Amino acid sequence: MKKPLMAGNWKMNKLHTEAKDLVEQLWPQLADNEGVEVVVCPPFTALATVAGSIDAGGMRIGLGAQNLYFAESGAYTGEISPPMLAALDVKYVIIGHSERRTIFAESDELAARKVRAALDHGMTPILCCGESLEEREQGVTAKKVERQIRAGLEGMAAEEVAGMVVAYEPIWAIGTGKTATPEDAQEVCGHIRTLVAEMHGAEAAAGLRILYGGSVKPDNIRELMAMPDVEGGLVGGASLQVDDWVAICNFNL
Ligand code: 13P
Numbered sequence: 020m021k022k023p024l025m026a027g028n029w030k031m032n033k034l035h036t037e038a039k040d041l042v043e044q045l046w047p048q049l050a051d052n053e054g055v056e057v058v059v060c061p062p063f064t065a066l067a068t069v070a071g072s073i074d075a076g077g078m079r080i081g082l083g084a085q086n087l088y089f090a091e092s093g094a095y096t097g098e099i100s101p102p103m104l105a106a107l108d109v110k111y112v113i114i115g116h117s118e119r120r121t122i123f124a125e126s127d128e129l130a131a132r133k134v135r136a137a138l139d140h141g142m143t144p145i146l147c148c149g150e151s152l153e154e155r156e157q158g159v160t161a162k163k164v165e166r167q168i169r170a171g172l173e174g175m176a177a178e179e180v181a182g183m184v185v186a187y188e189p190i191w192a193i194g195t196g197k198t199a200t201p202e203d204a205q206e207v208c209g210h211i212r213t214l215v216a217e218m219h220g221a222e223a224a225a226g227l228r229i230l231y232g233g234s235v236k237p238d239n240i241r242e243l244m245a246m247p248d249v250e251g252g253l254v255g256g257a258s259l260q261v262d263d264w265v266a267i268c269n270f271n272l
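In our numbering, the protein residues as written are 20 to 272.
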């Protein structure tokens, strides 16, 4: 049985000292819940500190990064390599978040190279996809998501895909307070699973974990998680608030 996965994307928030405080406040309220896998994705500057807290506190919290560059090392000013993350016990890496794609012009091709690099270094990619409001209104949601998923997963082995995570995050729902209805989230997440089955077989599709992201809050998490193909959340704003994040992670209690 797959455990639901709740991943907090802290984006460009929290000094390393604040990130340490946050994880230490969270843990006592999450420790009794073994039914959910919790991951936090602090900014790069806080990864080492949070890794230290998780280790010292024996916390069952996974560490994730928000991005990486695919090269091992070299003249890539400002970038962070897969071995640098793996050395900090980073287990998950968010790849192709819509903010990377829209603000930093990251392409499908770059996302695919990053997925490859994360897998090659023993980390689990959380590959993001999702449509803009304009695309939804034009009725091209499925087409857009399909393109992103095809590009991101094309060259991967079926066993690798089976261990991966995909997050469906409609851009119009991110940070806006507008959540996709559970039915809309299900429709796209179900479509992703069907597509992955076509690409990599039924086993890979069944193993893949699919998350929904976009204004996930304590008051909508249960109805989203009731959908068969929504297996967790990728949570931005609410993962920065102790009470909200605890309520989301403990949705099953
Ligand atoms: P919000 O939860 O703030 O809408 O952000 C979602 C997101 O982008 C997570 O990656």
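Glycine included, each C-beta is placed from N, C-alpha and C at the ideal position.
Just so it is clear, the structure is predicted and the values come from calculations on it, not from any experiment.
message: Suppose you measure from the CA of residue 100 to the CA of residue 210; what does that come to, to the nearest Å?
response: Locating residue 100 in the sequence shown gives position 81, counting from the first residue. Locating residue 210 in the sequence shown gives position 191, counting from the first residue. Roughly 32 angstroms between the two C-alpha positions.
task: Rounded to whole angstroms, what's the CA-CA distance from residue 180 to residue 203? Just pull it up for me.
output: Mapped onto the sequence shown, residue 180 falls at position 161. Mapped onto the sequence shown, residue 203 falls at position 184. C-alpha separation (whole angstroms): 24 angstroms.
query: Among 171, 108, 159, which one has its Cα closest to the Cα of residue 126?
result: As a working note, residue 126 is residue 107 in the sequence shown. It is 171 whose Cα lies nearest to the Cα of residue 126.
message: My assumption, with CB atoms under 8 angstroms, is that residue 97 sits in contact with residue 60. Please give the rounded CB distance.
response: Walking along the sequence shown from the start, residue 97 turns up at place 78. Walking along the sequence shown from the start, residue 60 turns up at place 41. About 19 angstroms; that fails the 8 angstroms criterion.
field: Length of the line joining the Cα atoms of residue 70 and residue 42
entry: Locating residue 70 in the sequence shown gives position 51, counting from the first residue. Locating residue 42 in the sequence shown gives position 23, counting from the first residue. Distance between the alpha carbons of residue 70 and residue 42: 10 angstroms.
query: In angstroms, rounded to a whole number, what distance separates the CA positions of residue 227 and residue 183?
result: On the sequence shown, position 208 is the one that residue 227 refers to. On the sequence shown, position 164 is the one that residue 183 refers to. Cα-Cα distance, rounded: 5 angstroms.
- request: Drop a sphere of 10 angstroms on the beta-carbon of residue 195, count the other beta-carbons inside from all chains shown, and report buried for 16 or more, exposed for fewer.
  value: Counted from its first residue, the sequence shown places residue 195 at position 176. Residue 195 comes out exposed.
message: Are the CB atoms of residue 243 and residue 201 within a distance shorter than 8 angstroms?
response: Working through the sequence shown from its first residue, we reach residue 201 at position 182. Working through the sequence shown from its first residue, we reach residue 243 at position 224. Yes.
message: Which residue marks the beginning of the alpha helix (DSSP H) containing residue 119, and which one marks its end?
response: Walking along the sequence shown from the start, residue 119 turns up at place 100. 117-122 is the extent of the alpha helix (DSSP H) around residue 119.
query: Roughly how many angstroms separate the alpha carbons of residue 52 and residue 134, rounded to a whole number?
result: Taking the first residue of the sequence shown as position 1, residue 52 is located at position 33. Taking the first residue of the sequence shown as position 1, residue 134 is located at position 115. Taking the straight line from one Cα to the other gives about 30 angstroms.
message: Tell me the residue span of the alpha helix (DSSP H) that contains residue 194.
response: Looking up residue 194 in the sequence shown gives position 175. Segment: none, residue 194 is in no alpha helix (DSSP H) and carries neither H nor E.
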